[in-house]
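The sequence shown begins at 1 in full-length UniProt numbering and counts up one residue at a time.
No residue lacks a Cβ here, since even glycine has one placed at the ideal position from N, Cα and C.
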Amino acid sequence: MIYLILSILSSTGIFVLFKLYDKYKVNTLQAIVVNYITACTVGLFYYNGEVVFSEITQAKWFYAALGLGFLFIAIFNVMALTAQKNGLSVASVASKMSVIIPIVFGIYVYNESIGTQKIIGIILALFAVYLTSLKVKEDKVVTHSIYLPILLFLGSGIIDTSINHFAPDDNIPLFSATIFAVSAIIGFIILSLKSVKQKNNFDLKSIPFGIALGIVNYYSIYFLLKALRVDGFESSSIFTINNVIIVAVSTLIGLLLFKERISKKNWIGILIAIVSIILVTLT
1 MIYLILSILS
11 STGIFVLFKL
21 YDKYKVNTLQ
31 AIVVNYITAC
41 TVGLFYYNGE
51 VVFSEITQAK
61 WFYAALGLGF
71 LFIAIFNVMA
81 LTAQKNGLSV
91 ASVASKMSVI
101 IPIVFGIYVY
111 NESIGTQKII
121 GIILALFAVY
131 LTSLKVKEDK
141 VVTHSIYLPI
151 LLFLGSGIID
161 TSINHFAPDD
171 NIPLFSATIF
181 AVSAIIGFII
191 LSLKSVKQKN
201 NFDLKSIPFG
211 IALGIVNYYS
221 IYFLLKALRV
231 DGFESSSIFT
241 INNVIIVAVS
251 TLIGLLLFKE
261 RISKKNWIGI
271 LIAIVSIILV
281 TLT
């Protein structure tokens, strides 16, 4: 359970940092690239063996890590477009509701247990995520660019499912580092092309903020994978608890630290989240 708690704290840290990016006018793309470089470095730091590129490319999980690296960048851009065209609440709901994909995958592929209580808990969790993610005066989900939330929903779900399915039990650090390395390379190429086209200078503020994001970003995945591999806990339960608590805690942090307004729907969502966690964990 300690791994799950640490994963939730790390993921919540990502939310806090993105809020600080907005407050301190940090160049998000630059910080994201620094973040991926940092996350890759942290992964290599935890890897005990010698890093041999030819051995990495021959590993069973290499192509999965390669694909996930591309997905990380692609879904990040889809998330940004969704927030711009459909609103922040839509982006939040679409990304977090995608938890249903790894849950269903775990039940059907890994033959995880499913009963009435667990089904009710999962359904309540989805309602909790939806209600908690809604913002005041921004509670519309269906908009003209409906394909963006759909892409975000599918992409986020595929990422969570793939990370759990392809990550090697004995080599999580190198697997994670490879994913972040691919994302860093793609991000650097995009950043370089934009810099040449728009002639933007690199903002030094992006370095410390990017390093901080990279550290919590790495640990959010590392500890989640560790939690998923603890005996006695099913992935469907872990993903449900993880996403619901992250949304609820992030909402409360928004209230306490950033003075965001929380509606009655948000409070109802938090209460439903607590009930759903109890139902899922006690099955």
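Go through its chain and collect everything with a Cβ distance to residue i's Cβ below 6 angstroms, but skip five positions before and after it.
i: F258; result: K19
i: D160; result: P102
i: S11; result: S220, I246
i: I172; result: L225
i: L228; result: N164, S235, I238
Can you tell me where the alpha helix (DSSP H) holding residue i begins and where it ends?
i: L124; result: 116-133
i: I110; result: Residue identity check: residue 110 is Tyr in the sequence provided, not Ile. Segment: none, Y110 is in no alpha helix (DSSP H) and carries neither H nor E.
i: L279; result: 264-281
i: D22; result: 2-23
i: E234; result: Premise fails: E234 is in no alpha helix (DSSP H) and is neither H nor E.
i: E260; result: No alpha helix (DSSP H) contains E260, which DSSP labels as neither H nor E.
I need the straight-line Cα distance from residue i to residue j, nearest angstrom please.
i: V51; j: A177; result: 11 angstroms
i: S237; j: V280; result: 6 angstroms
i: S186; j: F70; result: The sequence given here places Ile at residue 186; Ser does not occur at that position. Their backbone Cα atoms lie some 8 angstroms apart in a straight line.
i: residue 286; j: I14; result: The structure shown does not extend to residue 286, since the chain spans only 1 to 283, so no value can be given for it.
i: T143; j: K85; result: Note that T143 scores a pLDDT of 46, beneath 50, so its modelled location is shaky and nothing firm can be said.
i: I189; j: S113; result: 44 angstroms
i: P168; j: F175; result: 7 angstroms
i: E260; j: V16; result: 13 angstroms
i: I8; j: N201; result: 35 angstroms
i: F76; j: Y47; result: 27 angstroms
i: residue 291; j: D203; result: Residue 291 is absent from the structure shown; the chain starts at 1 and stops at 283.
i: I146; j: S54; result: 42 angstroms
i: A273; j: S263; result: 15 angstroms
i: W267; j: S195; result: 43 angstroms
i: I207; j: V26; result: 10 angstroms
i: I107; j: F62; result: 26 angstroms
i: Q117; j: I123; result: 10 angstroms
Please state whether DSSP places residue i in a helix, a strand or coil.
i: Y36; result: helix
i: Y46; result: helix
i: V249; result: helix
i: G254; result: helix
i: I73; result: helix
i: Q150; result: Going by the sequence as given, residue 150 is Ile instead of Gln. Of the three classes helix, strand and coil, the one that applies to I150 here is helix, per DSSP.
i: N243; result: helix
i: residue 301; result: Look at the range of the chain in this structure, 1 to 283, and you will see that residue 301 is not part of it.
i: V93; result: helix
i: V78; result: helix
i: A64; result: helix
i: A59; result: coil
i: V142; result: Here the model assigns V142 a pLDDT of 46, short of 50, so the residue's position is not dependable and the matter cannot be decided.
Tell me which residues share the same chain as residue i and place their Cβ nearer than 7 angstroms to its Cβ, disregarding the 5 neighbours each side in the sequence.
i: C40; result: A177, F180, A181, A184
i: M1; result: none
i: Q198; result: none
i: residue 285; result: In this structure the chain extends from 1 to 283, so residue 285 is not present and cannot be described.
i: L224; result: S7, N242
i: N217; result: I14, N35, A39
i: Y222; result: I172, S176
i: L4; result: A227, I238, I241, N242
Can you find the residues in the same chain that come closer than 8 angstroms, C-beta to C-beta, to residue i, ignoring five residues on each side of it along the sequence?
i: G157; result: S98, V99, I100, I101, P102
i: I211; result: V34, N35, T38
i: L154; result: S98, I101
i: L66; result: T178, V182
i: L191; result: L29, Q30, V33
**Request:** At 4 residues or longer, and completely inside the stretch 160-226: list those alpha helix (DSSP H) runs for me, N to C.
**Result:** Given a length threshold of 4 residues, each whole run of the alpha helix (DSSP H) inside the stretch 160-226 is given here in chain order: 172-198.
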